[in-house]
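Oh and the sequence shown: position 334 is 405 in this note's numbering, straight run, nothing missing.
All residues carry an ideal CB built from backbone N, CA and C; glycine is no exception.
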Amino acid sequence: MITKIDILPDDLQVHFSGENSEIFPNIWLRDHAKDEQNWDKRSSQRKTFTASLDLNLKIKNAEILENGKYLSIAWPDLEKPVQYSFEFLINNKIDKKRETKSKLKIWGSNEIHQEIFVDYNSILSNDGFKNFLKSLHTYGFLVIKNCETNLKCVEKIANKIGYVRNSIFGGLWSFESDENKADSAYTQEELRPHTDSTYSNDAPGLQLLLCCDYDAKGGDSIMVDGLKIAKTIKKEDPQMYDLLTKINVKGNYIGDGVFLEAERPIFKLNKNKEITQVSFNNYDRAPFRFEKDLTLKFYEAIKKFDLLANNKDYQWRHILKPGELLIFNNWRILHGRGSFSGVRKMSGCYINKEDFDSSCKMNGIN
Ligand SMILES: [Fe+2]
């Protein structure tokens with residue numbers, strides 16, 4: 072609750088129960104006015120022409136309403152006072168404590184068991200879907216069992232979360248090993264753990280891979296938690312970790328009539344120094360030049376990273392049976408596939424990261 076307010080010359084200090092307070096600049100409060108004149112409730116869009124506001128505007132009057140649930144401010148340029156809720160203000164504290172990452176389960180191979188298998192029918196109900204999303208958010212990947220072995224089923228699952236993303240590989244895809252394609256994904260050789268689309272500025276958020284047919288030897292799917300690798304490197308060699316959060320690594324895709332390029336650190340951080348994206352693909356890494364010292368440090372770091380990614384203690388391995396769909400967060404989990412011989416038909420698609428995030432938020436998960 073709001074317990075007290077102090078009108079300062081250019082700011083309003085708001086005291087909350089629990090003895091904490093926040094100073095909000097007047098211009099910020101005015102810009103965030105959510106009354107009828109300044110805010111379109113239906114579309115959640117600002118109507119205010121912010122550029123027309125006086126940056127030094129003063130508060131005419133302010134008072135606490137409904138035992139601290141609301142704050143009401145009278146502004147010189149508005150006829151009616153504007154209300155601000157306690158929730159809105161407390162959620163906009165600069166140093167708001169975030170507990171997001173603690174909800175994630177960072178795992179090694181022996182910490183993953185049956186909990187990552189879910190049944191297709193269980194995700195059809197609202198509650199079931201919510202649980203599925205929560206687990207996917209927590210572990211970074213899941214296997215959906217008992218799917219129909221066709222593209223329609225992949226599309227149906229994608230549309231429950233967001234929508235199918237189009238890319239150079241199309242929207243929905245089906246593939247067997249194909250020597251004629253430019254990408255390594257079509258071979259029968261072992262595919263070492265990697266993330267997809269390091270050459271894209273907006274790498275796909277989720278990848279869905281449905282096994283439609285399997286009459287082969289080998290070909291196990293490999294999942295590696297990029298956050299586990301980060302944790303190990305940070306603990307064992309903080310300087311190396313620091314380098315991996317700062318140095319941009321460029322990826323490219325050249326072939327099939329396109330030339331795509333993008334770059335970012337292997338561990339991309341937000342302003343709270345939390346990892347928001349893990350990107351690693353040694354196949355698609357583009358030519359680069361650093362000074363000699365940095366070059367050696369860079370190779371030491373990617374050696375460490377890739378040896379961990381290829382360490383069995385970090386790998387969950389499973390041969391997908393027909394009807395099993397592997398879904399994983401491509402911004403966190405590295406994926407790979409053991410070598411195989413025989414027939415292995417897969418279908419799949421990508422979903423944008425922002426649409427996965429949106430679905431999580433709509434279901435109260437973040
Ligand atoms: Fe891949």
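Taking S180 as reference, the option from N423, R101 and Y385 with the minimal CA-CA separation is Y385. If you compare the alpha carbons of L126, P393, V414 and I161 with that of L142, the shortest gap goes to I161. The shortest CA-to-CA distance from Y312 to any of K321, V320 and I300 is the one to I300. In the three-state reduction of the DSSP assignment, I293 falls in the strand class. The straight-line gap separating the alpha-carbon atoms of N138 and V85 is approximately 14 Å. C-alpha of R360 to C-alpha of H208: approximately 37 Å in a straight line.
DSSP places I161 in the uninterrupted alpha helix (DSSP H) bounded by F157 to I161.
Not a single heavy atom of ligand 1 lies less than 7 Å from the C-beta of H103. Close CB contacts of D355 within its chain, under the 7 Å cut and outside five residues either way in sequence, are with T269, Y270, G322, N323 and Y324 (chain order).
In this structure the stretch 224-232 does not touch the stretch 303-318; the number of beta carbon pairs closer than 8 Å is below three. Straight across, the Cα-Cα distance linking I215 with K306 is about 34 Å. Between R263 and N353 the beta-carbon gap is near 7 Å, inside 8 Å, which marks them as a contact. Between S245 and M417, the C-beta gap is smaller than 8 Å, which places the two residues in contact.
Taking a C-beta distance under 8 Å as the contact criterion, S156 and T266 do not qualify as a contact pair.
Taking a 10 Å sphere around the C-beta of Y210, we find 16 or more other C-beta atoms and assign the residue as buried. When the beta-carbon positions are compared, P147 and K131 come within less than 8 Å of each other. The stretch 356-376 and the stretch 277-286 do not touch, with fewer than 3 CB-CB distances between them shorter than 8 Å. F95 carries a strand assignment under DSSP once its states are collapsed to helix, strand and coil. For D102, same chain residues with a beta-carbon under 6 Å away, outside a window of 5 residues either side, are T121 in chain order. Listed in chain order, the beta strand (DSSP E) runs fully inside the stretch 84-156 are 91-96, 132-136, 141-145 and 153-156, counting runs of at least 3 residues. Contact between L149 and Q108 holds, with the beta-carbon distance rounding to 7 Å and staying under 8 Å. In this structure the stretch 216-226 touches the stretch 185-205; the number of beta carbon pairs closer than 8 Å is three or more. Judged by their CB atoms, L213 and F200 are not nearer to each other than the 8 Å cut-off. Selection I304, G326, W387 and N381 evaluated against Q185 yields W387 as nearest (Cα-Cα). Around the beta carbon of N400, 16 or more other beta carbons sit within 10 angstroms, so the residue counts as buried.
Distances from the CB of D267 to the heavy atoms of ligand 1 include at least one below 7 Å. Within 10 angstroms of the beta-carbon of M294 lie 16 or more other beta-carbons, which makes it buried. Less than 8 Å divides the Cβ of A133 from the Cβ of I78. Here S268 is not bridged, per DSSP, to any residue. Per DSSP, reduced to three states, the secondary structure at Q259 is coil, with no helix or strand assignment.
Distances from the alpha-carbon of N237 to those of A274, E260 and Q259 put A274 closest. Shown here, L243 sits in coil according to DSSP, grouped into three states, outside any helix or strand.
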